[in-house]
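**Student:**
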Amino acid sequence: MRTRVALVVTAVLAAVLVPLPAGGAAPPGLGRILLTSTANPATSQFVSWSRTKPRGGQRVVTVAPDGTVRTTPAKRKLGTTERTAGSGHARYVAKVTGLRPSTRYRYRIVSGRDATPWRTFRTAGRARDTFSFLQFGDTQVDNAELPARIIDRASRRHPGARLVLQAGDVVNRPWSGREWADLHRAVNPSGQYRSWISSIGNHEQCDVPSPCRSGDARGFRSYFHGPDNGFRGQRRTWYFTDHGPARIIVLDSFGSDLARQRDFLVKALRSNRRPWSIVLMHRGPFAARGDRDNATMRRWFLDPLEKHGADLVLSGHDHSYARARKAGITYLTSVSGPKYYDTSARDFSRNGATRQRWAERTSTYQVITVARSALRVRSFVAHRAGGAEPDAKVGDVLDSFTLRR
Ligand SMILES: [Fe+2]
């Protein structure tokens with residue numbers, strides 16, 4: 001008790017000494033604030049941010065509903081560089097711990113004598129607590145335009161969404177500073193109020209045919225701070241995290257360590273005590289794009305997914321919409337930006353999966369509600385380009401299905 005009182009008093013003093021900047025803006029030189037998920041988001045939260053120049057005294061102040069204040073010092077982590085991400089910024093991350101499940105906390109970042117305006121996050125629930133999250137496919141190009149509008153509309157229409165999953169290819173050219181700036185604009189303010197989980201795509205790590213430089217995905221790894229579940233050789237681009245009744249397993253489908261990821265996937269699925277297993281991977285086991293064959297993903301991941309009880313696999317990469325089913329698993333591919341490919345059932349049908357729904361030249365976002373006995377997915381039409389199929393209006397539900405236990 002004494003420790004808690006001391007912590008509270010110290011923190012209250014710190015909060016009093018720190019003036020709130022006028023106009024609700026972040027202090028100069030501080031930005032790109034992003035909440036990301038720890039492995040145990042019911043009791044902890046990652047908060048990360050950038051500074052144009054490194055500075056000591058970086059911390060997060062958190063206030064619980066009962067007024068308890070915590071101060072969490074930040075650690076400096078991998079920063080960006082001009083050459084590989086278009087800007088050389090320092091990056092900081094704080095892991096706020098000791099939180100209560102399903103609780104809304106106020107927080108702000110304190111940097112020396114400056115502080116950001118107060119924001120809030122809500123911790124994840126326990127295994128029995130129903131929750132909803134938003135899911136986006138690739139955003140990739142023109143993030144300041146269509147993806148920004150889609151993220152904004154989805155966030156406003158579904159303010160109760162606790163979490164965001166994005167299937168990767170957040171940018172097109174990872175060495176472009178403008179692209180990262182646009183992405184952060186698109187993600188905000190959503191990413192200051194709920195955790196973002198992105199599975200790294202091929203573009204972030206330059207697995208593309210054209211000249212490219214990313215410095216081993218330095219931009220992505222700087223901005224998106226994932227958990228470390230303690231697996232040998234684990235990168236923070238693949239991990240699992242437990243939210244309410246779901247374990248969410250994130251894979252790096254273009255990583256050079258697929259054998260290690262396969263072993264991790266087996267363990268993550270087998271050790272899951274929550275009712276549902278949701279897998280997020282940029283490139284899924286079946287290609288929704290007609291001329292692609294995702295044999296590499298099937299070779300490494302299909303067996304573990306089918307043997308160890310995955311329920312829903314979310315992916316992108318193919319710039320179209322497809323839902324398919326095989327061996328009790330639902331596969332959902334989607335796109336949330338303005339880049340589109342033609343789609344086909346070929347890679348599904350020749351590999352034993354049944355495509356159940358599809359759309360072309362149609363961007364969607366998904367609202368996914370997870371309860372102990374039911375997992376409900378609704379895909380909303382967010383944009384239709386010329387030649388889009390099937391007929392639908394922006395705002396319509398393109399697809400809706402429920403998985404049951
Ligand atoms: Fe991709």
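So the sequence shown is numbered by my numbering: it starts at 1 and just counts up by one. Just so it is clear, CB atoms sit at the ideal spot from N, CA and C, and this is done for glycine as well.
According to DSSP, Y239 sits in a beta bridge with which residue or residues?
**Tutor:** Beta-bridge pairing links Y239 to V250.
**Student:** Would you say Y321 and S379 are within 8 Å of each other, going by their C-beta atoms?
**Tutor:** Closer than 8 Å, so yes.
**Student:** So F264 is in the alpha helix (DSSP H); what residue range does that whole segment cover?
**Tutor:** That run of the alpha helix (DSSP H) goes 258-270.
**Student:** Mapping the DSSP letters down to three states, classify W49 as helix, strand or coil.
**Tutor:** If DSSP states are grouped into helix, strand and coil, W49 belongs with the strands.
**Student:** Would you kindly report the start and end of the unbroken beta strand (DSSP E) that includes P73?
**Tutor:** 69-73 is the extent of the beta strand (DSSP E) around P73.
**Student:** Where the beta carbon is closer than 5 Å to any heavy atom of ligand 1, which residues qualify, in chain order?
**Tutor:** Going by the Cβ distance cut-off, the answer is D169, G201, N202, H317.
**Student:** Excluding the 5 residues preceding and the 5 following A388 in the sequence, name in chain order all residues of the same chain whose CB lies nearer than 8 Å to its CB.
**Tutor:** So the qualifying residues of the chain are A359, E360, R361, T362.
**Student:** Near S400, which residues of its chain fall below 6 Å by C-beta distance, leaving aside the five closest residues on each side in sequence?
**Tutor:** Closer than 6 Å at Cβ, skipping near neighbours: R378.
**Student:** Just to confirm before moving on: does the CB-CB distance between G408 and S50 stay below 8 Å?
**Tutor:** For the chain, the structure presents residues 1 to 405; residue 408 sits outside this window and is missing.
**Student:** Taking 7 Å as the limit between beta carbons, can you name the residues of its chain near A345, skipping five residues before and five after?
**Tutor:** Counting only Cβ-Cβ distances below 7 Å, and skipping sequence neighbours, we find R355.
**Student:** In whole angstroms, what is the alpha-carbon distance linking R128 and V250?
**Tutor:** When rounded, the distance between both Cα atoms is 22 Å.
**Student:** With DSSP run on the structure shown, which of helix, strand or coil describes L20?
**Tutor:** The predicted position of L20 is uncertain, since its pLDDT is 37 and thus under 50; a value taken from the coordinates is nonetheless stated next. It is coil, neither helix nor strand.
**Student:** I'd like the list of long-range same chain contacts for V141, defined as Cβ closer than 7 Å, with 5 residues on each side in sequence excluded.
**Tutor:** Answer for V141: N172, G337, P338, K339, listed in chain order.
**Student:** In chain order, what residues of the same chain have a beta carbon less than 6 Å from the beta carbon of I33, not counting five sequence neighbours either side?
**Tutor:** Correct list, in chain order: W49, Q192.
**Student:** I need the DSSP call for E145, collapsed to helix, strand or coil.
**Tutor:** E145 falls in the coil class under three-state DSSP.
**Student:** For V187, report the span of its alpha helix (DSSP H) as first-last.
**Tutor:** Per DSSP, V187 belongs to the alpha helix (DSSP H) from 177-187.
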